[in-house]
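Those protein sequence lines, which keep their order, are chains A and B.
All residue numbers for the first sequence refer to our numbering, where the first residue is 6 and numbers rise by one.
All residue numbers for the second sequence refer to our numbering, where the first residue is 36 and numbers rise by one.
Virtual Cβ for every residue (Gly too), placed ideally from N, Cα, C.
Remarks on the structure that follows.
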Amino acid sequence: MGGPEIERLIALLGKLPGLGPRSARRAALKLLQNPETRMLPLAAALSEAARAVRPCRECGNLDSCDPCAICVAPGRERKLVCVIEGVGDLWALERSGVYRGLYHVLGGTLSALDGIGPEDLNLAPLMARIAAGGVTEVILALGATVDGAATAHWLTEQLRPLGVAVSRLAQGVPIGGAIDVLDDGTLATALVARRPF
Amino acid sequence: MMEWSAPVVVLGTRPFGEGDVVATVFGAEQGMCRGLARGGGSRRGAALWQRGNLVSARWVGRLAEQLGSLSAEMIHPTAALAMADGLQLAMLNAALALVEGALPEHEAHREVFADLLDLIGHLAEGPAALAEYVRWEIALLAALGYGLDLSRCAVSGSTERLFFVSPRTGRAVSLDAAGPWRERLLKLPQFLLGPAASSANDWCDGLKLSGYFLARNVFALKHKPLPQARLLLYDRVAAMASETEHTCQTP
Chain A
6 MGGPEIERLI ALLGKLPGLG PRSARRAALK LLQNPETRML PLAAALSEAA RAVRPCRECG
66 NLDSCDPCAI CVAPGRERKL VCVIEGVGDL WALERSGVYR GLYHVLGGTL SALDGIGPED
126 LNLAPLMARI AAGGVTEVIL ALGATVDGAA TAHWLTEQLR PLGVAVSRLA QGVPIGGAID
186 VLDDGTLATA LVARRPF
Chain B
36 MMEWSAPVVV LGTRPFGEGD VVATVFGAEQ GMCRGLARGG GSRRGAALWQ RGNLVSARWV
96 GRLAEQLGSL SAEMIHPTAA LAMADGLQLA MLNAALALVE GALPEHEAHR EVFADLLDLI
156 GHLAEGPAAL AEYVRWEIAL LAALGYGLDL SRCAVSGSTE RLFFVSPRTG RAVSLDAAGP
216 WRERLLKLPQ FLLGPAASSA NDWCDGLKLS GYFLARNVFA LKHKPLPQAR LLLYDRVAAM
276 ASETEHTCQT P
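Written out as structure tokens, the structure reads:
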């Protein structure tokens, strides 16, 4: 089809999320047909990001400065820390635009099946930040999965002696969700977590 | 084509591609087996394939030993109901991790499955379910061929004042016969002998007892430690025991 350079490009693109072999070929073709406007800027951006972006040593967020822009932003509520599993969750919360506190990226959840224990999580900077004072509430924004819930309960036990309030995201009916199409688990938790109206 | 349909408990999933998962399930006749669950990684599928859920599953494969494909409908959303309570979730996680780690694949274990369903039914009882959990682990040991003999004292034959278990033989030892060896024996909580009040200390002793034999007789043979989830459950109960004395009447 093409030289080894093209095959290598397609193989690397095909490893990205959302891209299979067919869509990788299409993406590669698009890049190769427009090298000046798409491929070289993309290559430069990839190289620059790989060189500059690092995990923030305070919260685990990915940024080109350390501490990251969120950790040093003056307008942030520094008494609130939202604990999330990954940087993708941080981006999702930032997109919502409703949260103005700080974050902490755990880098995973406890997993019985995969043998991920507490020592595998990015916990030390969170404990140090709380011990340093100023944090009054930790919001656990972990996934509504068995592993996410197990991690939230374990983390609550660890945070309790430090004297901070611990809260977690509510679970229940999603916006725009009709009751008759909800799965049994979501309905069950929504009923358990019902509140006065 | 090979095919079966049965109620199974979901033991876990691993991502396969972007939207699918390889699910590990446990059924009465099928034992532990795996299958590709298409869409199991999607929002709707992920809720169904959560660990601990009881689902009505259908497995189809060309040969029995192939991976095959799994589809399912929810029977009982165990995971969602247990998520709100840390202790319930810890017990569920530990039980599923033990089943997943201790049982061989494709081997029927009807009693273990029935006992697991019974345990899941007790989870909502909160701390009182810990007595049931310890009994379940003892029953799991028996199903694997490592049953404990708690009926009489291994030394004197007495059925009275059975307070210890020999770590070597797994047989009960009475207080009178324990003598100078009592420090080297495992404590036998009285709720394992019949209806009796139990406390966090008793649950802790029970977990220590069953955990010792699970680690030595089951997991050591596989060159594996006790599952992380089981260790976290013990830590949680040990913390309860050190904090306060919860007392409950076993059913």
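Cβ separation of residue i and residue j, assumed to be a contact under 8 Å, to the nearest whole Å
i                : j                : result
GLY180 (chain B) : LYS259 (chain B) : In fact, because the Cβ distance is near 18 Å, the residues do not count as touching under 8 Å.
GLY74 (chain B)  : GLU53 (chain B)  : In fact, because the Cβ distance is near 11 Å, the residues do not count as touching under 8 Å.
VAL43 (chain B)  : GLY62 (chain B)  : 4 Å
VAL169 (chain A) : GLU142 (chain A) : 6 Å
LEU36 (chain A)  : ARG43 (chain A)  : 5 Å
SER233 (chain B) : ALA166 (chain B) : 5 Å
VAL57 (chain B)  : PHE51 (chain B)  : 5 Å
ASP188 (chain A) : ARG79 (chain B)  : 6 Å
GLU82 (chain A)  : PRO72 (chain A)  : Rounded, the Cβ-Cβ distance is 16 Å, inconsistent with contact.
First and last residue of the uninterrupted alpha helix (DSSP H) at residue i
i                : result
HIS101 (chain A) : For the sequence presented, residue 101 (chain A) should be read as Ser rather than His. Taken as a continuous stretch (DSSP letters only), the alpha helix (DSSP H) holding SER101 (chain A) covers 92–101.
VAL60 (chain B)  : Counting along the chain, VAL60 (chain B) falls outside any alpha helix (DSSP H), though it belongs to the beta strand (DSSP E) covering 55–62.
GLU146 (chain B) : 145–157
CYS68 (chain B)  : Premise fails: CYS68 (chain B) lies in the beta strand (DSSP E), 66–72, not in any alpha helix (DSSP H).
ALA193 (chain A) : 189–197
PHE248 (chain B) : 235–248
SER52 (chain A)  : 45–57
ALA177 (chain B) : 164–178
Beta-carbon proximity of residue i to residue j, cut-off 7 Å
i                : j                : result
GLY103 (chain B) : GLY70 (chain B)  : yes
ASP150 (chain B) : TRP171 (chain B) : yes
THR194 (chain A) : ASP152 (chain A) : no
THR194 (chain B) : ILE155 (chain B) : no
GLY156 (chain A) : LEU147 (chain A) : Before going further, note that residue 156 (chain A) is Thr rather than Gly in the sequence given. For THR156 (chain A) and LEU147 (chain A), yes; Cβs fall inside 7 Å.
ALA125 (chain B) : LEU266 (chain B) : no
SER209 (chain B) : ARG196 (chain B) : yes
LEU1 (chain A)   : GLU90 (chain A)  : Past the edges of chain A, shown from 6 to 202, lies residue 1 (chain A), and the structure says nothing about it.
GLU64 (chain B)  : ALA143 (chain B) : yes
THR188 (chain B) : ALA212 (chain B) : Just to set this straight, residue 188 (chain B) is Cys in the shown sequence, not Thr. Yes, they are a contact pair.
GLY190 (chain A) : ALA82 (chain B)  : yes
ALA130 (chain B) : GLN123 (chain B) : no
HIS109 (chain A) : LEU126 (chain A) : no
LEU51 (chain A)  : PRO60 (chain A)  : no
LEU105 (chain B) : ALA159 (chain B) : no
MET67 (chain B)  : LEU138 (chain B) : yes
VAL147 (chain B) : TRP84 (chain B)  : no
Cut-off 7 Å between Cβ atoms - residues of its own chain near residue i, not counting five sequence neighbours on either side
i                : result
ILE173 (chain B) : LEU183, LEU227 and SER245
LEU261 (chain B) : GLY246, LEU249, ALA250 and PHE254
ILE110 (chain B) : PRO42, LEU89, VAL90 and SER91
ALA132 (chain B) : PRO262, ALA264 and ARG265
THR204 (chain B) : ALA189
Chain-order list of residues whose beta-carbon lies under 6 Å from that of residue i (same chain, five-residue window excluded)
i                : result
PRO231 (chain B) : Residue identity differs from the one stated: residue 231 (chain B) is Ala in this sequence, not Pro. If we look at ALA231 (chain B) and ignore the five residues flanking it on each side, its Cβ neighbours are GLN225.
GLY241 (chain B) : VAL169 and PRO224
LEU14 (chain A)  : ALA33
LYS222 (chain B) : ASP240
SER40 (chain B)  : ARG93
CYS70 (chain A)  : none
LEU85 (chain A)  : GLY106 and GLU142
LEU145 (chain A) : VAL88, ALA157 and ARG173
ASN236 (chain B) : ALA276
VAL171 (chain A) : VAL143, THR161 and LEU164
Opening and closing residue of the beta strand (DSSP E) in which residue i lies
i                : result
ALA108 (chain A) : For the sequence presented, residue 108 (chain A) should be read as Tyr rather than Ala. It spans 106–110 - the beta strand (DSSP E) in which TYR108 (chain A) sits, taken as one unbroken run.
SER28 (chain A)  : Here SER28 (chain A) belongs to no beta strand (DSSP E); instead the alpha helix (DSSP H) covers 26–38.
TRP39 (chain B)  : 37–51
CYS87 (chain A)  : 82–89
ALA92 (chain B)  : 89–96
ARG261 (chain B) : Inspection of the sequence shows that residue 261 (chain B) is occupied by Leu rather than by Arg. No beta strand (DSSP E) holds LEU261 (chain B); DSSP gives it neither H nor E.
GLU135 (chain B) : Segment 121–137 is the alpha helix (DSSP H) holding GLU135 (chain B); no beta strand (DSSP E) there.
LEU105 (chain B) : 104–111
Same chain, Cβ closer than 8 Å to residue i, five either side skipped, listed in chain order
i                : result
ALA175 (chain A) : ALA198
LEU47 (chain A)  : LEU36
Residue i CB to nearest heavy atom of the ligand SAM below 6 Å
i                : result
ALA146 (chain A) : No copy of the ligand SAM occurs in the structure displayed, which carries no ligand at all.
Item to check | Every unbroken alpha helix (DSSP H) within the region 123–183 of chain A, with a cutoff of 4 residues, ordered by chain | outcome: As summarised for the region 123–183 of chain A, the continuous alpha helix (DSSP H) elements at least 4 residues long and confined to that stretch are 129–136 and 151–164, given in chain order.
Item to check | Runs of beta strand (DSSP E) lying entirely within the region 191–224 of chain B, each at least 3 residues, in chain order | outcome: If we require 3 residues or more, the beta strand (DSSP E) runs fully inside the region 191–224 of chain B come out as 197–200 and 207–209.
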